[in-house]
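Throughout, our numbering is defined as the position within the sequence shown, counted from one, plus 35. C-beta: ideal position from N, C-alpha, C; glycine also.
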Amino acid sequence: MERFGRGGGGSGDRLAFDVLLYNFFGSSPLKSQWRVIYEFMKEQDLLDADTCFPSFNEARHNILCSELKQLYVAITQTKQRLWICENIEDLSKPMFNYWKKKNFVQIRKLDDSLAHAMQVASSLEEWKARGIKVSLIPPNITAATIVTISYKA
Numbered sequence: 036m037e038r039f040g041r042g043g044g045g046s047g048d049r050l051a052f053d054v055l056l057y058n059f060f061g062s063s064p065l066k067s068q069w070r071v072i073y074e075f076m077k078e079q080d081l082l083d084a085d086t087c088f089p090s091f092n093e094a095r096h097n098i099l100c101s102e103l104k105q106l107y108v109a110i111t112q113t114k115q116r117l118w119i120c121e122n123i124e125d126l127s128k129p130m131f132n133y134w135k136k137k138n139f140v141q142i143r144k145l146d147d148s149l150a151h152a153m154q155v156a157s158s159l160e161e162w163k164a165r166g167i168k169v170s171l172i173p174p175n176i177t178a179a180t181i182v183t184i185s186y187k188a
């Protein structure tokens, strides 16, 4: 992981990275129960009248809170771009419909233009800075130690 910040390595530095969520909704234990989001959308007057959905039931949808927390962390830790790729569109549709109504997302099909948009070129200065950081690592530090240090920071 790369650290970016203004404090010269102080505790105020934040990790900066893109986030890719792959099959988050498809692998969720909620499966089609994500449709309960439509009830919230109806309460917020964001739902078309002809949409069917289950009513929220705390006992039946108890895992929803945990899933929303995981989604919240992924979204809030994103510093540049959040990419969400799903294999089963129907399972992600309730959340994507909500996000579309709020103008939070752009929906695109995966193709060469999207793959090209995901690529970010590094500047010469970034490569130089990275080279300096790597050259400052003592020879007795292993890659596993570096990863451990990075995740503890």
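Query                                                                                                             : Result
Residue range of the alpha helix (DSSP H) that includes tryptophan 134                                            : 124 to 136
Cross-strand partners of tryptophan 118 (DSSP beta bridge)                                                        : Leu55
Buried versus exposed call for isoleucine 119 [16 or more other C-beta atoms within 10 Å across all chains shown] : buried
Closest residue to lysine 144 among Lys163, Ala156, Glu124, Tyr133 (Cα-Cα distance)                               : Glu124
Under 8 Å between C-beta atoms of leucine 65 and isoleucine 98                                                    : yes
Between the CA atoms of phenylalanine 52 and glutamate 37 - distance to the nearest angstrom                      : With a pLDDT of only 36 at glutamate 37, under the threshold of 50, the placement of this residue in the model should not be trusted, and no figure is reported.
C-alpha distance - lysine 135 paired with glutamine 141, whole-angstrom precision                                 : 7 Å
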